[in-house]
Amino acid sequence: MRGLVRYAWRALAARRARTLLTVIGISLGVGVLVAALGVDAGLDASIDRTVASMVGRADLRVTAFEETGLSAGTLEQLAAVPGVALTAPAIERKTFLASQAGRPVETAPVTVLGIDPSAEPRVRDLSLARGVALAPADGASALVTETLAATDGLELGDNLQILGMGAPLTVKITGVLRGDGPELGSGGRTVVLPIRTAQLLSVADGDTAPAQVGGVTRVDVVLAAGAPVDQVAASIGQALTLQPYVLSRPQDIASSLRASTLDIRSTMALLAAITLFAAAILILNTMAMTVVERIRELGLLRAAGAQRSQIVRVVVTQALVLGVAGSGVGIVVGTLLAYLAAAWLRASGQLAIEGPVIGPFAVLAGIGSGVGITLVAAVEPARRAAAVSPVAVLRVRSDTARLVRAHTGWLVVVVAVIGTAAVLLLPGGATDLAIPVRAVGVYVLLLVAVLLTPVLLAPLARLAGLPFAALLRLEERLARAAIRRDPGRTTLTVGALVIGLAMVVALASVAGSARVSATAWLADVVPGDEVLTAIAPAPVGPGGIDTQLSSIDGVALATPIASFDLAYAGTRLEAVAIRGADFLADGRLNFTAGDRTAALNALDGTGAIVLPAPRAARLGVGVGDTMAVATSQGLVNLKVVGLVARSFPGRTGDAVLVGWGDATSKFGVLGADAFAVRYAPGRQADAQPQVDALARQMALTASPVSAVAGAVGDALDRLFGLLDLLALAAVVIAALGIVNTLSMDTLERVREIGMLRAAGMSRIQVWRSVLVEAGILGAIGGLVGSVTGVLVGVLLSGGGGAAGPMSVVPWPTVALAIVLGVALAMLAAAQPARMAGRVPIPMAVRGE
Amino acid sequence: MTFQPTTADEASAPRRTVLPILEARSLTKQYRMPGEIVEAVRGVSLSVMPGEFVALMGPSGSGKSTLLQLLGGLDQPSSGEVLLEGEPIGRLSDSDATRLRRERTGFVFQSFNLVPLMNVVENVALPFTIAGQDPRSHELAGRVREAIALVDLTGKERHRPDQLSAGEQQRVAVARAIVTRPALLFADEPTGNLDFRTGLDILDALWRTCMERGQTIVLVTHDAKAAAYADRVFVVGDGQIQDEIVLGRRTDHAAAPLIARLALLGL
Ligand SMILES: Nc1ncnc2c1ncn2[C@@H]1O[C@H](COP(=O)(O)OP(=O)(O)OP(=O)(O)O)[C@@H](O)[C@H]1O
Ligand SMILES: [Mg+2]
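Which chain is which? The protein sequence lines are G and Z, in order. Quick note, this note's numbering runs 117 ahead of the 1-based positions in the first sequence. Quick note, this note's numbering runs 145 ahead of the 1-based positions in the second sequence.
The following block contains the structure:
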């Protein structure tokens, strides 16, 4: 037995290049898996840390619903609830620091966090890099984050001037918080103030400062020891009667943060599983080649008395060596890839991830799947090897038709195994059934594409060969003949390429439709060429910013927009306040139900609401229905006056539209979050400088609609760039498979090549025929991969939306996939082609 | 050993006055292997006249194939020279050697002579296709047809190799080797894989090309019955030409005279 194991080693060593390529292929597959798991765990860890630093030791959190914040009365009611031991209120708002001499001018906003210096330490630890914590008595002290200190050149003892509704507030930096500080989503630009001081920022000149803490964004609640959370939550529900609010628990926050990362995680997991699939095909192909190539040797071993089980052990040993080596390298590759991916995600600003976590689970899953898949893939070739009869020594060629059936049949089993493993590993698989269902759909599509390849091989090869045939008829002919010689092997070779390229195309089409849905609303909904965004609610009406903007010569329209939340049927409904007349005049909003003119006019009256059609369907309301919305003054009835195809996007779908008057009088909207500015035709050039000047003066950020679209698109592109990188791993694996197959082809055809050379074929011609063979393989892969990719894309992005599936065919990427397939395949063929061109004729024609 | 190319009896060498079409001068070939050097060919000189049918005969391992490969320009000698139509071919560049093989020589091997996925016509026309010519053109199509007819395969043009018997496959190989009307046809054990009767078909086909077209042929064989088709037989042993037996052109190919001569030589 030991002798035969040594034979297994030697068989691998004899084909060192193939062994190496296979190990690299496996390691890429395992690497992508480990990276996906590492990033996944990294996101989880970051979320846990974020949640821990957000809620600290709080058991419950009460968040204000209205912009005006929680009132002093609500705070009193909350503190009086039985079982509540401590309340720690906080005010959170965005503003700017006034620029000061001797400091770099920073125009990015800062987040001001007002806390109660005596209550806060009992809920949460603010970790200081240097300096001291806020003193309860000292209203003029402030903490800044290390990040902010570094970018703005701030030091302990410096004075800060913070812009507010009234005169700038001057505070002194007494401490520097470690890193990005406690506020998620602030980009690390956070200033922490005593809550009374923070409150002053919303006091306009001439008004008197409130006597009590109010306008609070949220309150963290610590329960008395032993008080049951459920019971206290219920009591809070009864006690807080003055204002709408949201009560949440730490795990709610964690799960909503997790939900926001679900898409990217499940996509990465899917890609990892698909890359493993490509790797499995490579292994299957390599092992099958080893068997076919050594069929006579195996026959000899059998003739010499080797047991079937011994032969199986030889093949399984080979697979094991490949699997273990590949997985080992894969862990290293995966770790590097994970750091790269985490850095990429962080830089794209899409997700908060500090770094990947390559834990024992990732390592075990990597090794387990690498070795497992290799062994599963080797089962069939091992069985075939054992079935080699001792008379195989005498057979010249093996029965390819039987090999094809064996290969592809086994592929189904391999896919089923990987698919099951992937669905089990998929994050969110347990909570959202759509994800695993979709993943299975993708698998089935890819598998069908791979299995259809042998059936379509002849016509596809003819089609793919056409461009080559025009120039290199003979080479094309020989190449096509070689491709059809062993359809099973060709299928496996092209299969991996089909999968890789399909994923590239699918990602492009998903990215395309994501881009469309992320930016289409801008043109559809926004009544302007430019959007000015405010950090704090900006004044509207006579003397307000909209009036000032409208008075600029060349501005046709300036309309205020504010987003807020409505409480409807116990849920939070994202809403946007608009002026109906302005949207009517500008021709925005596409009504699918209700009369457009009547509906928009109704918004400017009272008690009207316009819903995005999908949201209306979800809520089960239609035009004419009445919705009862909770406000601080009790329930308010809003009548649905129309449905629109698309509205402003919110976190949970498009927002509902409410009239400006209702929003300010009933729903606590204080001012505009943004203004849309439409220029008169041809007047943008002269009016824009004045608009921009006003924007600067009013601390508004001006951005053309096209720039907003571009920024959204860029962010998406960065995210999909990462996914593309992972999909490319599958393409690289495919290229390795092509090297293997073509080398094998050359070895098998050494006699034919020798004969052709003796008949006068030149080296260049031999070389070219191998390159053309690769080119045809690449083109088949590109063609089938593109079609499959478009289908997968449709599946992943849910049907391509209203514009139909053809709208998501990413034609440039399809072209790129075909070119990439052909180019990569030909590149992979360079070495085998050279080898073929160098076949010495005497060696090739010598009898055995 | 004394050996002179054209000392044979007068009747046997046709067109004796013209120059030899193939000439080898002191050819040697060594294979370097780790630890030893195999001398496969050790100083062979010979010449072949146009239209002649020559056989290289000898036991296994005697260096026949190696010699044939040197003569046909498939391999390069360690020393010595090969002249084809008076022109040295031992040190040709790869592209010149390729052109030589395409235009002036034809080969038939023991097996693996055909491209599996091409039919008979395509296999026979292969040298034209390789040269970038259109084998469907009037003239070339005629030549292909003629070559197929010569090996008696008319009617099987559309068959693929796996639909032909081994003997038929070898005849396709012969047709392909002669379709370009090469100066020289080299055949290395073309009957080696065939039974006696089928082997005779191949030899008859070779013989017909020699008779009807004046094709010069160099045949390697270890079989006296095959060698008996030749005008002249070089007996190869241990990398050298040990003897030369002139049989002369005869219409019957009985092996008896050759065997008798070999016996006389003690072989
Ligand atoms: N590539 C090679 N490397 C080393 N030795 C070689 C090589 N090719 C041939 N030989 C040796 O050269 C000698 C002659 O070989 P060759 O193939 O020419 O013999 P042959 O007469 O054709 O034999 P057969 O009738 O069996 O075909 C043999 O001893 C063989 O072992
Ligand atoms: Mg030989």
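All C-beta atoms, glycine included, are put in the ideal place defined by N, C-alpha and C.
query	result
Chain Z partners of G/M861, CB-CB under 9 Å?	Going along chain Z, no residue has its Cβ under 9 Å from G/M861, so there is no contact; the nearest lies around 16 Å.
Please confirm if G/E869 has its CB atom under 8 Å from at least one CB of chain Z.	yes
Taking the beta carbon of Z/N258 as the centre, do at least 16 other beta carbons fall within 10 Å, making it buried, or is it exposed?	buried
Using C-beta distances below 7 Å, list every residue in its chain close to G/A128, excluding the 5 sequence neighbours before and after it, in chain order.	T407, R411, Q435
Residues in the stretch 870 to 902 of chain G with C-beta within 9 Å of chain Z's C-beta atoms, listed in sequence order?	G871, M872, L873, R874, A875, A876, G877, M878, S879, R880, I881, Q882
Alpha carbon to alpha carbon, how far is Z/E181 from Z/S224? Give it in angstroms, no decimals.	18 Å
Fully enclosed by the stretch 666 to 714 of chain G, which alpha helix (DSSP H) runs are 4 residues long or longer?	697 to 703
Check for me: the alpha helix (DSSP H) holding G/E890 runs from which residue to which?	880 to 913
Hey, is Z/M263's beta-carbon within less than 8 Å of any beta-carbon in chain G?	yes
Under a three-way DSSP split, which group does G/A651 fall into?	strand
Can you find a heavy atom of ligand 2 that lies under 7 Å from the Cβ of Z/S210?	yes
Could you confirm whether any beta carbon from chain G is found closer than 8 Å to the beta carbon of Z/Q175?	no
For G/A598, go through chain Z and note every residue whose CB falls closer than 8 Å to its CB, in chain order.	V260, P261, L262, M263
Give the interface partners of Z/D239 over in chain G, defined as CB-CB distance under 8 Å, in chain order.	S879, R880
For the alpha helix (DSSP H) containing G/A189, name the first residue and the last one.	189 to 196
DSSP three-state label for G/G155, please.	helix
Kindly give me the distance between the Cβ atoms of G/G331 and G/S188, rounded to whole angstroms, as I take these residues to be in contact under 8 Å.	5 Å
How many Å lie between G/V775 and G/R763 at the Cα?	14 Å
With DSSP collapsed to three states, give me the class of G/N402.	helix
Cβ closer than 7 Å: which chain Z residues qualify as neighbours of G/L591?	T274, I275
Opposite Z/Q175 in the DSSP bridges: which residues?	Z/E184
Between G/I958 and chain Z, is the shortest Cβ-Cβ distance under 8 Å, so that the two count as touching?	yes
Please identify the residue among G/P798, G/A162, G/S879, G/Y362 whose C-alpha is closest to the C-alpha of G/S749.	G/Y362
Please determine, among G/V156, G/D337, G/T180, G/I726, the residue with the shortest C-alpha to C-alpha distance to G/G476.	G/V156
Of all Cβ atoms in chain Z, is any one closer than 8 Å to the Cβ of G/A518?	Reliability fails at G/A518, whose pLDDT of 40 lies under 50, so the model's placement of it is uncertain and the value that follows must be treated cautiously. No - not a single Cβ of chain Z is within 8 Å of the one on G/A518.
Check the DSSP bridge columns for G/Q360 and list the partner residues they point to.	Partner(s): none; G/Q360 has no beta bridge.
Quick check on the burial criterion: 16 or more other C-beta atoms within 10 angstroms. Buried or exposed for Z/G411?	exposed
Can you have a look at G/G629 and say buried or exposed, based on whether 16 or more other CB atoms are within 10 angstroms of its CB?	buried
Which residues in chain Z sit within 9 Å of G/R602, going by Cβ to Cβ distance?	P261, L262
Would you kindly report the start and end of the unbroken alpha helix (DSSP H) that includes G/I470?	First-last for G/I470: undefined, no H or E at that position.
Just to confirm the assignment, what range does the beta strand (DSSP E) spanning G/V229 have?	227 to 232
Pair every Cβ in the stretch 205 to 215 of chain Z with every Cβ in the stretch 354 to 367 of chain Z, then say whether three or more of these pairs are closer than 8 Å.	yes
Can you name the start and end residues of the alpha helix (DSSP H) that Z/L407 belongs to?	401 to 409
Below 8 Å, how does it come out for the stretch 354 to 365 of chain Z and the stretch 383 to 390 of chain Z: are there three or more Cβ pairs, yes or no?	no
Which class does G/N754 belong to by DSSP, given the choice of helix, strand or coil?	strand
Do G/E237 and G/A205 count as a contact pair if the criterion is CB distance below 8 Å?	yes
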